[in-house]
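Report on the structure given below.
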Amino acid sequence: MVKLGVIKKQEEPTPVVQLSEITAVVLKRLQLSEITAVGFKQLNKDKCQFGARSVKFVGHIVSAEGLKPDDEMLEAIRRIKVPDNKKQFQRLLGMVTYLSKFFTNLSQVTAPLRQLLQKDVAWRWETDQQHAFESIKELLSTLPVLKFYDVNKENRIILDVQPYAPDVVYVKGVDVPIADALSRDVDNPAKKNDDELEVHIVMNVTRSWMNRIVTETDKEEVFKKLMQVINEEWPEVITQLDPEIQPFWNFRDELSTYAGVVYKGERILIPYSLRQTVLKEIHAGHFSIQSCIRRAKQLVFWPGMSRDIQQFVDECGPCQKFSRSNVKEPRIPEYPFQIVASDIFHFKGAIYLVLVDSYSG
Numbered sequence: 002m003v004k005l006g007v008i009k010k011q012e013e014p015t016p017v018v019q020l021s022e023i024t025a026v027v028l029k030r031l032q033l034s035e036i037t038a039v040g041f042k043q044l045n046k047d048k049c050q051f052g053a054r055s056v057k058f059v060g061h062i063v064s065a066e067g068l069k070p071d072d073e074m075l076e077a078i079r080r081i082k083v084p085d086n087k088k089q090f091q092r093l094l095g096m097v098t099y100l101s102k103f104f105t106n107l108s109q110v111t112a113p114l115r116q117l118l119q120k121d122v123a124w125r126w127e128t129d130q131q132h133a134f135e136s137i138k139e140l141l142s143t144l145p146v147l148k149f150y151d152v153n154k155e156n157r158i159i160l161d162v163q164p165y166a167p168d169v170v171y172v173k174g175v176d177v178p179i180a181d182a183l184s185r186d187v188d189n190p191a192k193k194n195d196d197e198l199e200v201h202i203v204m205n206v207t208r209s210w211m212n213r214i215v216t217e218t219d220k221e222e223v224f225k226k227l228m229q230v231i232n233e234e235w236p237e238v239i240t241q242l243d244p245e246i247q248p249f250w251n252f253r254d255e256l257s258t259y260a261g262v263v264y265k266g267e268r269i270l271i272p273y274s275l276r277q278t279v280l281k282e283i284h285a286g287h288f289s290i291q292s293c294i295r296r297a298k299q300l301v302f303w304p305g306m307s308r309d310i311q312q313f314v315d316e317c318g319p320c321q322k323f324s325r326s327n328v329k330e331p332r333i334p335e336y337p338f339q340i341v342a343s344d345i346f347h348f349k350g351a352i353y354l355v356l357v358d359s360y361s362g
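The sequence shown begins at 2 in the numbering used here and counts up by one.
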């Protein structure tokens, strides 16, 4: 603060001063980097807001309190009527999935609905689907405000390991849900025993991996065209699109871009050059086709991904060698006592050794 030519020192900067300093630093960094990774080199002054207490950003409201859904987007979901077909339902599910970070146990709620998207399942809207549809709209009025992570605050992470949908919760006075990579496992837990539980390998996306995805995305002309269409506007009909972009038409409402990466909902759209690498990571534990598809759907996406996974697993050498279909039949003995099987069992306090000649049975 300046008064009569004398600068008065402030012990603690006011929030306005802090905001001005941070804004200056951000603008300087943008000027130096030209933020080419996200496809533009200068900010649009008409779209910039300075000194605002909250801002709208791609369906969210960002403020000092945290992150919450945009009321306009919530109202748009509330106004949606019961879908008549899969296409209408996919639009609804895409909007809800985009806000999945705010929901608790969303995968369980939407399970009856997602069944309608399975292959060879006829469209039939019944009581379970109607109940799930109404539950989603009821949950919209109870969505929490997600707090920003503060490294200086004491935190507690609760890991609830169960057969279905483990939760990761950041607790700060009140329970605040945080989305996690294992929020969905499509298997029915009622069909599993404790001895049959399978822990899925988590494919973490590190900073170096994200940088690689950004770099490869920026190299591919198809993705440059796709990001331009997403950030501007999709045409009215698919025939107006570049043929290379047409495979993305059916889920155009779910696509978004952020920091040089294309997302389908919250899943990363993998560039062509990295898909073989991702397939190797997904199949690193030599899981079955369905297990690999479930793993992939938690984090990544590209058109025809399930087909590519099936082909990759089918062509896996170790899997072909040790698959059940390739297990050799037991050798048939040619004479008595050539092959003898043995076992031990207990009966009325006594221990017996049983020998069986495979030749005579």
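C-beta atoms are modelled at their ideal positions from N, C-alpha and C, and glycine is treated no differently. All of these numbers come straight from a predicted model, not from anything done at the bench.
Review point. Do you know whose CA, among I214, D309, E255, lies nearest V230's CA?
Key: Nearest C-alpha to V230: E255.
Practice item. Quick one: give me the first and last residue of the alpha helix (DSSP H) that G95 is part of. Key: From DSSP, the alpha helix (DSSP H) with G95 extends over 87-99.
Review point. How many Å lie between F338 and D358 at the Cα?
Key: 5 Å
Point to revise | Contacting residues, own chain, Cβ-Cβ under 7 Å from P319 (five flanking each side not counted) | key: H287
Check your understanding: Taking the alpha carbon of S289 as the point to measure from, which residue in I23, F313, G266, I271 has its own alpha carbon closest?
Key -> With distances taken between Cα atoms, S289 lies closest to F313.
**Study point:** Rounded C-alpha distance that separates K120 from S142
**Key:** Near 33 Å, if we compare the C-alpha coordinates of S142 and K120.
Point to revise | Close-in-space but distant-in-sequence residues of the same chain around F252 (CB under 8 Å, 5 per side omitted) | key: Q91, G95, K265
**Study point:** Cutoff 8 Å; reference Y353; Cβ partners in own chain excluding five residues on either side
**Key:** I345, F346, H347
Review point. Where does R30 land, buried or exposed, given buried means 16+ other C-beta within 10 angstroms?
Key: exposed
Point to revise | Own chain partners of K87 with C-beta closer than 7 Å, once the 5 adjacent residues on each side are dropped | key: Here the set comprises L117, L118, W124.
Exercise for review: Run the CB neighbour count on Q11, radius 10 Å, all protein chains shown included, and call it buried at 16 or more, exposed below.
Suggested key: For Q11, the predicted model reports a pLDDT of 41, less than 50, meaning its position is unreliable and no value from the coordinates is stated.
Check your understanding: Cα separation between K220 and S136?
Key -> 43 Å
Review point. Shortest alpha-carbon distance to D72 belongs to which of G60, V83, F224?
Key: Nearest of G60, V83, F224 to D72, Cα basis: G60.
Check your understanding: When the distance is taken between beta carbons, is P304 closer than 8 Å to I214?
Key -> no
Check your understanding: Short check: CB of F224 to CB of R268, under 8 Å?
Key -> no
Review point. Using the beta-carbon count (16 or more within 10 Å), is S64 buried or exposed?
Key: exposed
Check your understanding: Taking the C-alpha atoms as reference points, what is the distance between E1 and I246?
Key -> Beyond the ends of the chain as shown, which are 2 and 362, falls residue 1; an answer cannot be given.
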